[in-house]
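In mature numbering (1 follows the signal peptide of the UniProt record, and there is no 0), the protein residues as written are -30 to -1, 1 to 229. Structure first, then comments.
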Amino acid sequence: MTTLSIPVPMQLVVIALLSILSICIYQSCSQSTVSKSITSQSTVSLINSSCQQSLVESDGFICEPDYLWNERKYVYHAQDKENMMKRKDPIYFVSNWEPNFHCSHAQRIGAMGDGGKWVCDPYRLKLRPDCLVYSVGSRGDFSFEIQMKKIIPHCEIHTFDRRLYSCPTSMCNFHQMIFGNGIEPNGSRSWLTIVQELNHTNRLIDILKIDIEGGEYSFFPLVFNSTKNLFPRQILVELHPRNAENVYLAKLHEKRSSR
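Next comes the structure, spelled out in structure tokens:
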């Protein structure tokens, strides 16, 4: 067998190159580790200090620096004054309502058209181990529930409709039920009764998605007359503005109840 012989100077050059390469790799890894550590520390620092105001005032939903949160509040209050003005217009929302709060990562969840709704920053609910969603008014369209489950698998979803339907397997819990004040409409249940029957009085309702064909005007005062811990944290509603006066009164009532 022939043994390959490498001159000593060449061996020294190879050793030197390998040493330099090892040092470069080590420094790169160290810098990466330090960078990750700094980023982690910055994140912890942000959560512990600069976003306390937004955490408190958003019921723990949003964490962002105070200067950004205060800018959101400024935009909200300025537009809210405009929204509360009562202007005559045959198409009510053209002159009487514009968005006053903007979510950074709003996402359309569910089918286009009547079935889906825009949800404010659904990714934030991934950190909520006790995530709870009410979807009222189904008509057998479960596209919202299906996509919500794909995004946040651990979220508990309850779907309600006056007619009987069946939730897709492992997607939601269906309840044949009419939302009202317990007297009108006939056979209805009030908000408090529903939450109590489902044993959710000690939980936060993260999302209330509701489409009940005009019944929202009589239903929402019942929600906001209940205790504040039963207020849904996010409401996705389809309004049916058959009477502009009802829309205005509903806005006014909600504003007063949220103070």
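Ideal placement from N, C-alpha and C gives every residue a C-beta, glycine not left out. Small disclaimer: the values here were computed from a predicted structure and weren't measured.
- For S28, same chain residues with a beta-carbon under 6 Å away, outside a window of 5 residues either side, do not exist.
- In the DSSP assignment, Q77 falls within the beta strand (DSSP E) that extends over 77 to 79.
- Per the C-alpha coordinates, the member of D50, S24, L168, D91 positioned closest to L200 is L168.
- Three or more pairs of CB atoms, one per stretch, sit closer than 8 Å, so the region 124 to 132 contacts the region 97 to 113.
- Taking I122 as reference, the option from D176, D111, N156 with the minimal CA-CA separation is D176.
- Distance from H75 to D59 at the Cβ level is roughly 32 Å; contact not present, criterion being Cβ atoms closer than 8 Å.
- The residues P35, D36, in chain order, have a CB closer than 7 Å to that of S20 in the same chain once the five nearest residues on each side in sequence are set aside.
- Inside the region 146 to 209, DSSP marks whole beta strand (DSSP E) runs of 3 or more residues at positions 177 to 180, 205 to 207, from first to last along the chain.
- For H128, the enclosing beta strand (DSSP E) starts and ends at 126 to 131.
- Counting of Cβ neighbours within 10 angstroms places D181 among the buried residues, the total reaching 16 or more.
- Of the candidates Q166, S158, K179, K198, the residue whose Cα lies closest to the Cα of V207 is K179.
- Residue burial is scored here from C-beta neighbours: E52 has fewer than 16 other C-beta atoms within 10 angstroms and is therefore classed as exposed.
- Residue environment analysis places V193 among the buried positions, since at least 16 neighbouring C-beta atoms fall within 10 angstroms of its C-beta.
- An exposed status is given to R78, since fewer than 16 other beta-carbon atoms sit within 10 Å of its beta-carbon.
- According to the DSSP secondary-structure assignment, F114 is paired through a beta bridge with no residue.
- Rounded to the nearest angstrom, the Cβ distance from F144 to R159 is 15 Å, too far for a contact under 8 Å.
- Here D100 is exposed: its Cβ has fewer than 16 other Cβ atoms, across all protein chains shown, within 10 Å.
- Counting the other CB atoms within 10 Å of its CB gives R42 a total of 16 or more, which places it among the buried residues.
- Per DSSP, the continuous beta strand (DSSP E) segment holding Y104 begins and ends at 102 to 106.
- Taken atom to atom, the span from the alpha-carbon of S196 to that of M141 is near 29 Å.
- Between R57 and L102, the gap from beta carbon to beta carbon reaches 8 Å or more.
- When secondary structure is reduced to three states using DSSP, K87 falls in the strand class.
- A distance of 8 Å or more separates the beta carbons of N66 and Q49.
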